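K.L.:
First the structure, then my questions, so here it is.
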């Protein structure tokens, strides 16, 4: 069975602060994918990143960075110098590989960035 | 590339009526599509996996006769909410998997907000 835990439910920061969103996962598979999605108030899911379980390199994309630690089964997401437009719900998700593999979502973290 | 559309984006229907939601992959072919449901301030819950040309696979607790899924072509899956009731009001999101993409990534539609009065 797969499980994704996002222990933080709501985070509020002031603009320009850095913020880290935590994600812990459970799976028995040796090969899997991890994802982060952003869901702004409009509702549409915005894909942010996909990480293969074999690739533990951290990734940086502009103000976004991800820290994948297989030893602790975590895939944390940091936003540097947050902006009001970052306000959204962020979901971490896990998928095993294969044609009919399903995505298991965490409960999501509501991030509010105040001006 | 990899665009998924949903229609309608928003629908209001009366209790007891049925409503159909379409999910289309616009620039790729999808043998597999997924239907999710999301309640306010909640996570996405997978309802069913739709495979082209075969019956959908429903998750535990999802009523097959209530939520009819048809995947008649490689670019279209439909979800019909039959005899809708106010408790069916929700945000429905579909995703599609590109049959030529070995990463098995899912591409999400923009969602359909259903309100049953």
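Residue numbers (this note's numbering), protein chains in the order written: chain A, 1 to 115; chain H, 1001 to 1117.
Built from N, CA and C at the ideal position, the CB exists for glycine as well.
If you're wondering where the values come from, they're calculated on a predicted model, not measured in any experiment.
Which of the three DSSP states is assigned to residue 1031 of chain H in this structure?
P.N.:
Here residue 1031 of chain H sits in coil by DSSP.
K.L.:
Taking buried to mean at least 16 other C-beta atoms within 10 Å of its own C-beta, is residue 83 of chain A buried or exposed?
P.N.:
Residue 83 of chain A should be labelled exposed.
K.L.:
Round the Cβ separation of residue 19 of chain A and residue 79 of chain A to the nearest angstrom and send it over; I've been treating them as touching at under 8 Å.
P.N.:
Their Cβ separation, rounded to whole angstroms, is 5 Å, which keeps residue 19 of chain A and residue 79 of chain A in contact under 8 Å.
K.L.:
What ranges does the beta strand (DSSP E) occupy inside the stretch 12-92 of chain A, keeping only unbroken runs of at least 3 residues that lie completely in it?
P.N.:
Taking only runs of at least 3 residues, the beta strand (DSSP E) segments lying wholly in the stretch 12-92 of chain A are 19-21, 24-26, 32-39, 46-52, 59-61, 64-69, 74-79.
K.L.:
Quick one: give me the first and last residue of the beta strand (DSSP E) that residue 1070 of chain H is part of.
P.N.:
Looking at the DSSP string, the run of the beta strand (DSSP E) that includes residue 1070 of chain H is 1067-1073.
K.L.:
With a threshold of 7 Å on Cβ separation, who are the neighbours of residue 38 of chain A within its own chain once the five nearest residues in sequence on each side are excluded?
P.N.:
Taken in chain order, the residues that qualify are 46, 48, 88, 90.
K.L.:
In chain H, what lies closer than 9 Å to residue 105 of chain A by C-beta?
P.N.:
Those within 9 Å of residue 105 of chain A in chain H are 1036, 1043, 1044, 1045, 1046.
K.L.:
How about residue 108 of chain A: is its C-beta nearer than 7 Å to some C-beta of chain H?
P.N.:
So yes, residue 108 of chain A belongs to the interface.
K.L.:
Look at the Cβ atom of residue 1104 of chain H, then the Cβ atom of residue 1004 of chain H, and state whether they are nearer than 7 Å.
P.N.:
For residue 1104 of chain H and residue 1004 of chain H, no; Cβs fall outside 7 Å.
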